[in-house]
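Following the numbering used here, the numbering of the sequence shown begins with 2 at its first residue and continues without gaps.
Just so you know, even glycine gets a beta-carbon here, dropped at the ideal spot from N, CA and C.
The structure presented is a predicted model; accordingly, all values stated were derived computationally and were not measured.
One structure is given here, and the rest of the page talks about it.
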Amino acid sequence: MINNSYLLGLFGTSTGASSSPIGMAATPAKAKKTQPTAPWAAAAAAAAPKASDMVRAALAGRRLINEAAVDLDMAGASTDYRKLFALYQGLNALSALADRANAKGLSSAEAAQVGKRFESGMVEMSNYLKSAGFEDVRMVQGVSKSTVKTGFALEKAQTTFTTTPIHDGALSDSVKAFQGDVKFAVTIRTNAGTQSVGIDLSDMGATPRTMDNVIAHINGALEAAGVDTRVERQMIESQPKIIKSGSKTITLPAGPDQWALRVRGAVGETVGFQAVDTSDAVYVTQGSGAKGAGQLLKFQADGGAAPGAQQGVDDPFWVEGRAGQTDLPAGVAAVRASAPAPDGAIWVVADLTQGAANQPIKGARDVALLKYDSGGNLLQTKLLGAASTANGFSIAVDADGRVAVAGSVTGALEPGKSGDVANTADSFVTVFDDDGKELWTQRRGAKAADEATEVSFGADGMVYVAGRSKSAMPGQAALGGWDSYLQTFQEKPVKINGPDVGVNLSTLQFGTDGDDSVQAMTVSGSDIYTAGVEDGRAVVRRFTLDGSGVPTLAATRDLGLASGSIAGISVENGQVVLTGQTDNPALDIGTVTKAHAGGTDVFVATLSTDLQSAASDRLTYFGGSGNDTAADVKIKDGKVWITGTNRDAGAAKTDPTRAYLARLDLATGGVEYNQTWRGEGDQVTPTSLSIVSGGASVLDRLGLPQGEIMQADSKLLTVATSARVGDQFSISPAGGGRAVAVTIEAKDTLDTLAKKIMTASNRQLKATVITDSRVVPPVQRLQIVAADNKDGAVISAGAVGKDALAALGLSPGFVGKTGDKSAKTYGLNLPNTLNLNDPAGIKAAIDALAQAMTAVRSAYRSLGPQTAPTTNTQTGGGSSTAYQQTQAANFQAALNRLTA
C-alpha cells in the first residue's frame, strides 16, 4: 500500500503525526489556543465600535486608553496582552479622530474641537507608554536604536574663511574685481591690541592684477606687519549644469573654473576688514522664480566715496548698482521684514518649513532670525522654537542691538502653553539681545484668531505691538470683523533680582464693524502713528503717550478708499510720511505733485503731525499704466526708498513680473533713481528693504565683509537651537520605572546636557560630545549609547510645548541593546508634533498612526509561541517553496483519485 506521507514528504509537507492508509480519513485535532483574540482579528473587529462612536466618545471626554475595557478570552494570558490591546484601541481612536478631521464639509468649530482632542489624546498615549510597565516586550513612542546622535550640530571654531567666487577663468588673467581704486585695511586683533594693515593695489604699479599677484601683494604687507594670518586662493571646480526643457533633460557643459579668496587665520589672531571709502547700502529681500526662492540683494546707493559696484560671478540678473546677491537657506517659505543691526549687519525675518541639516525646527513651520554680514555671509540663525507653526511679520532693532520680532503662532510656544484653541493663531512678540539670546516672550491672544503685524521700540524699555484680531483682546470689546489693536509692554523684572520680562501695560482695540488692520506703525517721541485699511478705507491714527508710555488715541484721519494697502509710515522733518499702493487716483490728502498713471500706482503722502488737513500736505503717485506695488519703504536724509513690482496692464499671473528699487525726493516727489530687474522665469517679488549707512565698499567686490570674521557660534543650546528655557524630555529605565526629567536651562551646552543625560539615566546611558569630520567645516554632536554592561534606557519626549527632543534633532525611543531577546523593543515612531491643523498634518497623522498600529500587531505576534520552520523530511531543509506546495497538493489530489 502506498503511503502518501512519503510522497508529500518529498515536498516538505506532512499529513499528520502518523501515516494513514490510502482512503482513510484523518480527524483533525482542535488547535490549542495560544494567544487571546486580538482586537484587529475578524471576529473581534466585527463587534468593535464604529469610528463615529469612537469620535463621539473621545469628544465627550472619555479616555482613549482604558485597560479595564479590555476583555481577554484566554485565561492566564500575560498582562502584556491587556496593555497592548488597550494601546491599540487608543491608537484606533486617534486614527478615527484624524479621519474625522479629514472629512469634507467639517465646520471650523468641530475641526478645532477634534484637533484639540487629538493633541490631548497624543499626550495621553505618551504618558501611558511611560507608565504601562510591559513585562515581555518593550513599547516606546519613538524608535529603538543602539546609538543615537543629535541632528543639531555645532560648528567647531573656524580657522579659515572662504569668500564667494570673485573670478572665473585662467589664473593668468587679470581679475576684474581687482581693477580700479582698490584699497582697504586688514585688522588683526590680539591680546596686545588691534593692528591695522593697509592694502592698496595701486602700490603694485604695472604688475598685472591676477589672483596670484594680488595675493602675494597682500601677504607681503601682512608679513611686513609681523602677523601670521595669510590669504590664499581657493578653486571652485565648475560642474555640468542639468536643466529640463519640457520632458527632456539637457546637460550643459561645465563652465570655467571659479576662484575665491581664502583667509587662513593664525592662533591668537582675530581677523577683520575695514573699508577706506564707503557708500550707503540698500538691501532688498525677494522671492525669485515660480517657487519664490528667497534671496538677499545688496545695492550700492549712488553718491558716496566707494568705487562703483561690479557684476559678480554667477549673477545673471545683475543691474547697475547691484553689489551682491545671496541665496537664502533652503526651507525659507516667506520673508516679510528685515532691519539693519548697529554693527552694519542685516537681520532677516523668515518663515522656515524646514530647518538646516544641523539645526532642525520643532514643528511644521517656525520663525527664524537670519543675520548676514555686509559680504552676504550668514552669521547666525536664531529659531523661535514654535512647537507647531509660527509666522513672522515684523522686526524692530533698538540702538543697543536688541531685536524684537512679532507675528502669529499656532500651538505651543512658551513651555506648557498652547493658546485657548490649539489650531487658532495667537499674536506673539519676542525680544532678543544682540547675540540672539531670548530675553522675553509675550503671547496674548483673543479667543478667535489674531496676529501681530507691527512692532516698534519706545523709550525706557517700552515695546509696542500692533495687529489685528477677530474677537476681543484681553480686557477689550470686539467691534466686528477683524479689529485693529495696539499693545504696550514694559521691560521690567517681576521678581527681585530677576530677569527683565515684558509686562503688558495696556491694550487698545479699535476700528470699525468691518475688517480692519494695522499695516504700518512708527514711534516718534511721545507719539505713535499707525496706518492701515479699515473697512476698505485708508486710515491713519495718532496716539499720544503719557508719562508711563501708555498710548491714548488723539487723532484719526480718513484718506478715502484704499483700494490697495499701506507699505510704511514714518515721521521725517516734522511731517508724517505715508507710503502704499492704490487704485484710487483721488486719495483725500492734498496737493498732488504727480498724478495717478492708471492701474495700481505707488503713492507717497506727507501729512501734518497732528493729522489735520494742511496746506503743506502733498501726494505723489509713482508708476506706469500697469500695476505697480510697494512692498516696503524706508526714508533716509529726506529721500524715500521704495521697492516693489511693476507689471504690464492686463498681465496674467504667469506673465513677467519685474522688480524695482526707486528713490524719490520727499519735498518735490521727483524720481531720482529707478532700477528694475528680472528674476528666474521672469518672476520676482521683493518683500522688504533696509538701508545701512556706509555699508557698501570695494570689499563687496572681493566677497569680504566689513568687520571681524570667523567668529565662533554660540554654544548655548537656547541660542543655537530652537530649544527654549524650560523645554524637557525624560529618561526612564529600560525595564520600566520612574522617569526622570531633563530640563533645558539658559546656560546649557552640549557638554552640560551630556552630564544631565547620564545622571538622569542613573548611568545606564553614556552621552559624549563627538566631532563629525565628515562634513566641512567639522561639527560637534551629542552621541548617546548604552553604558558598558548596562541595558540602556528609554528617552521620552517632553509635554506638548515643552519638548526639547525635536529641537535637538533626537527621536524619542529606546537606546540600548536592540538585540536583547529577553524583551524585544517595538517603536511606534509617533512624534509629539503630530497635529490636525492642516491637510498635510492630517495626512501625516493618518500615515503615522497606521504604522504604529502595525508595530503593535508585531509585538502581539512576538508574545505568542514561536513556530519552528517546517522541515523537509527528505532533505532536512527548511520549509517548502510555493511551487513545491502546489505540486504536493497535486499529488494529494491524484492519490485521492487512485483510491476512489
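Scanning the segment 482-517 for uninterrupted alpha helix (DSSP H) segments of 4 residues or longer gives nothing; none is fully contained. Annotated three-state conformation of T719 is helix, per DSSP.
Taking D728 as the centre and dropping the five residues before and after it, the same chain places the C-beta of P416, I745, G799, K803, D804, A805, A808 closer than 7 Å to its C-beta, in chain order. The beta carbon of A94 sits closer than 6 Å to the beta carbons of M55, A59, L65 from its chain, once the five residues preceding and following it are set aside; these are given in chain order.
Of the other Cβ atoms in all chains shown, fewer than 16 fall within 10 Å of the Cβ of N498; this residue is therefore exposed. When the five nearest sequence neighbours on each side are left out, the beta carbons in the same chain lying within less than 7 Å of the beta carbon of D536 are those of T513, G515, D516, D517, in order along the chain. The beta carbon of G293 is closer than 7 Å to those of T686 in its chain, skipping five residues each way along the sequence.
If you draw a straight line from the Cα of G386 to the Cα of A747, it is about 14 Å long.
Rounded to the nearest angstrom, the gap between the Cα atoms of A76 and T442 is 56 Å. In the DSSP assignment, M140 falls within the unbroken beta strand (DSSP E) covering 138-141.
If only complete runs of 3 or more residues are kept, the segment 303-375 shows the beta strand (DSSP E) at 323-328, 333-341, 347-353, 367-373, in order along the chain. The C-beta of D683 has fewer than 16 other C-beta atoms within 10 Å across all chains shown, which makes the residue exposed. A Cβ-Cβ distance of about 5 Å is found for the pair V801 and A413, placing them in contact under the 8 Å criterion.
For R57, the uninterrupted alpha helix (DSSP H) run begins and ends at 52-60, by DSSP. For the pair T354 and A365, the CB atoms are nearer than the 9 Å cut-off. Pairing L829 with S147, the inter-Cα distance amounts to about 16 Å. Ranked by Cα distance from A291, the options Y827, K654, T834 are led by K654. If you check the CB distance, T425 and G266 do not come in under 9 Å. Taking a contact as a CB-CB distance under 8 Å, the pair A713 and A158 counts as one, their CB atoms being some 5 Å apart.
DSSP, read as helix, strand or coil, puts R542 in strand.
Taking a contact to require three or more Cβ pairs closer than 8 Å, the segment 615-622 and the segment 542-559 do not qualify as touching. For E224, the uninterrupted alpha helix (DSSP H) run begins and ends at 212-225, by DSSP. Taking the Cα positions, F490 is about 38 Å away from I732. Between S470 and the set A453, V283, V741, T230, the nearest pair of CA atoms involves A453.
With a beta-carbon spacing of about 13 Å, G304 and G696 fall beyond the 8 Å limit used to define contacts.
Between R659 and T610, the C-beta gap is not smaller than 9 Å, which leaves the two residues out of contact.
D848 carries a helical assignment under DSSP once its states are collapsed to helix, strand and coil.
Bounds of any beta strand (DSSP E) do not take in Q240, whose DSSP letter is neither H nor E.
Fully contained in the segment 681-762 are the following alpha helix (DSSP H) runs of length 4 or more, in chain order: 700-703, 718-721, 751-761. DSSP, read as helix, strand or coil, puts G295 in strand. Residue environment for S375: buried (at least 16 other C-beta atoms within 10 angstroms of its C-beta). Per DSSP, T80 is one residue of the alpha helix (DSSP H) stretching across 80-102.
For T772, DSSP records a beta bridge to Q781. Counting only residues of its own chain and dropping the five nearest sequence neighbours on each side, I570 has a CB closer than 8 Å to the CB of A521, M522, T523, Y530, T531, A532, V541, V577, V578, L579, T580. At a Cβ-Cβ threshold of 9 Å, T327 and L298 count as neighbours. Cβ contact annotation for G842 (same chain, cutoff 8 Å, sequence separation greater than five): A365, L835, N836, in chain order.
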